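Encoded as structure tokens, the structure appears first; notes follow it.
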Amino acid sequence: MAKKKASNQGSADSPAMQSLSSAQDRSAMQAPPAEIRYADELAILREADAHPRPDGWMLSPPSIVDFICGTGGEKVGAKKSSARAITEKFVGPRDIIQRCVVTLAGERGLMLVGEPGTAKSMLGELLAVAISGTGALAVQGTAGTTEDQIKYGWNYAMLLDRGPTPQALVPSPVMQAMRSGKIVRFEEVTRCLPEVQDALISILSERRMMIPELGDEDCSLFAAPGFSLIATANLRDRGVSEMSAALKRRFNFETIAPIADAGRECQLVSDRAAALLHESRSNKTIDKAMIELLVTVFRDLRSGRTDEGWQVDRPSTVMSTAEAVTVATAIMRESAFFPSGFDPVSRMPGHLLGVVMKDDEKDRQRLLGYWDGPVQRRSKTGGPLWKKLYDRRSVLDEAAIDSPIGQKD
Ligand SMILES: Nc1ncnc2c1ncn2[C@@H]1O[C@H](COP(=O)(O)OP(=O)(O)O)[C@@H](O)[C@H]1O
Ligand SMILES: [Mg+2]
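Quick note, the sequence shown lines up with residues 0 to 408 if you use numbering that gives the first Met the number 0.
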């Protein structure tokens, strides 16, 4: 079996794809990818990087950890004039990131598991960008994902005309990553059927993909140096399939937990809301006290216990940091659009209801229970914001809201 000639055709960094993205300027993108958002930081780290790099990697392991966790204000740069501090993007223990990087330099894939909204996808993208310069090679796992989407498909017009040739082959992102020696991301892998997931076993263990249709000459593609796979899996989602033991053995698992420190979670939520206000060209300042209140409510409902030691009945919905960011940015966006007489705290219960009421009507009762317990107690001793929050209890009790999707009795 001959080794298949590496080709960049059609891959995310191929000239065709590059000209597509470079034709569009950043301000015209709704969500610029990490490689564009952090292009300056990546360029500086690359220029200043003095450590050895694994084959096919864009940055060395220490620079990748700096890119993701930040340099704590310390400036980096080959030239003093252009040196700058690297921002913290993932809030969490540095040694988790260090282990992720070590895994990706080895022979196993990296599996990021945890509750929804703990930044697994964000972390996967940042790692791919720091290692390979692109996070674009990705497969989104769904119940309908097929083996073709993991391996390769065919351009049927060409297939009928010329038969199975390398030109008629339509590579999946996994195949593109193997050819070009890059990281591929597999989002929510456990949403795929187990037999589809198992297509990854030989790719991860042998670093080879068989293409029997091409005949003896071209029938194996061997992964170029730099190739690896980052998968994510949500622990609390419905409709997930069990992973086979054989596939599990091909991965190193890292569990990503919600942000442990309340102060750091507040800072993250307030930074994201500030970035949004900036993008909306609003000159409003972030209401730190409102953010603190919001994050406290989220943490109480997430953990089922307040700092005072009071028990809270947890809603079935995940009260993630990602949802806290969404609520904070929605409130700040509302304040930018409708500034006159806007009071952020009084808007909070309505937005919270939108987060909590997704699956189970009983969650409204749980939220009301939280209001009648901790919120009421704090309204007496915890200051005017808690009082204002408690006074808006009626918003939660309005019966006019339709039954949530997939409601259980
Ligand atoms: N530890 C964290 N560090 C940085 N951002 C976080 C963290 N936890 C949550 N977030 C926020 O949550 C958002 C969504 O996370 P995402 O990657 O979609 O989560 P997941 O894939 O785990 O469901 C991120 O873009 C970020 O704003
Ligand atoms: Mg995700």
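Using N, Cα and C, we set each Cβ at its ideal position, and we do this for glycine too.
Here the structure is a predicted model, which is why all the values come from computation and not from measurement.
Here Cys191 has Gly140 and Thr144 as same chain residues with Cβ atoms under 6 Å from its own Cβ, once five neighbours each way along the sequence are excluded. Less than 8 Å divides the Cβ of Ile285 from the Cβ of Ala273. Beta-carbon to beta-carbon, Met57 and Gly180 are separated by about 11 Å, too far to satisfy the 8 Å threshold. In the DSSP annotation of this structure, the continuous segment of the beta strand (DSSP E) that includes Phe221 starts and ends at Ser219 to Phe221. Here Ser319 is near Pro257, since their CB atoms are less than 8 Å apart. A distance below 8 Å between beta-carbons, with the five flanking residues on each side excluded, links Gly303 to the following residues of its chain, in chain order: Gln310, Val311, Asp312 and Arg313.
Ligand 1 never approaches Pro92 closely enough for any of its heavy atoms to be under 7 Å from the residue's Cβ.
In summary, Thr254 is exposed, with fewer than 16 beta-carbon neighbours lying within 10 Å of its beta-carbon over all protein chains present. Relative to ligand 1, Phe297 has its C-beta separated by 7 Å or more from all heavy atoms.
Going by beta carbons, Ile182 and Ile229 fall inside the 8 Å limit. Sequence-distant partners of Leu352 (beyond 5 residues in either direction) whose C-beta falls short of 8 Å from its own C-beta, in its chain, are Arg363, Leu366, Val394, Leu395 and Ile400. Note on the stretch 17–86: whole alpha helix (DSSP H) runs with a minimum of 4 residues are 33–36, 38–47 and 60–68, in chain order.
Straight through space, the alpha carbons of Ser279 and Asp39 are spaced by roughly 22 Å. A contact is defined here as three or more CB-CB pairs under 8 Å, and the stretch 104–113 fails this definition with respect to the stretch 156–167.
A distance of 8 Å or more separates the beta carbons of Arg178 and Ala135.
Following the DSSP letters along the chain, one finds Pro170 inside the beta strand (DSSP E) bounded by residues Leu168 to Pro170. Using a cutoff of 7 Å, the CB of Glu186 counts as near ligand 2, since one of the ligand's heavy atoms is closer than that. With a threshold of 7 Å, the Cβ atom of Phe66 does not count as near ligand 1, since no heavy atom of the ligand is closer than that.
Inclusion of Arg184 and Gly123 in the CB contact set at 8 Å is warranted, their separation being smaller than that value. One Cα belongs to Ser26, the other to Tyr37, and the distance between them is close to 14 Å. If you draw a 10 Å sphere on the C-beta of Pro51, you find fewer than 16 other C-beta atoms in it, and that means exposed. DSSP places Phe250 in the uninterrupted beta strand (DSSP E) bounded by Phe250 to Thr254. DSSP, reduced to helix, strand and coil, places Glu187 outside both helices and strands of the structure shown, so it counts as coil. For Ile229, the enclosing beta strand (DSSP E) has its first and last residue at Ser227 to Asn233.
Across the structure, Leu199 and Leu246 are spaced so that their CA atoms are roughly 7 Å apart. 8 Å or more divides the Cβ of Trp370 from the Cβ of Arg377. A straight line joining the alpha-carbon of Pro172 with that of Cys265 spans about 36 Å. No heavy atom of ligand 2 is found nearer than 7 Å to the CB of Lys88. DSSP places Val112 in the uninterrupted beta strand (DSSP E) bounded by Gly108 to Gly113. DSSP places Val239 in the coil class of the three-state scheme, outside both helix and strand. When the alpha-carbon of Ile210 is set against those of Pro163, Ser281, Ser204 and Arg235, the nearest one is in Pro163. Each residue's CA atom was taken as its position, placing Val128 and Arg45 some 12 Å apart. In this structure, ligand 1 has no non-hydrogen atom nearer than 7 Å to the beta-carbon of Gly71. One alpha carbon belongs to Ala329, the other to Ala259, and they sit about 24 Å apart.
Here the alpha carbons of Cys68 and Glu205 stand approximately 32 Å from one another. Going by beta carbons, Glu34 and Val317 fall outside the 8 Å limit.
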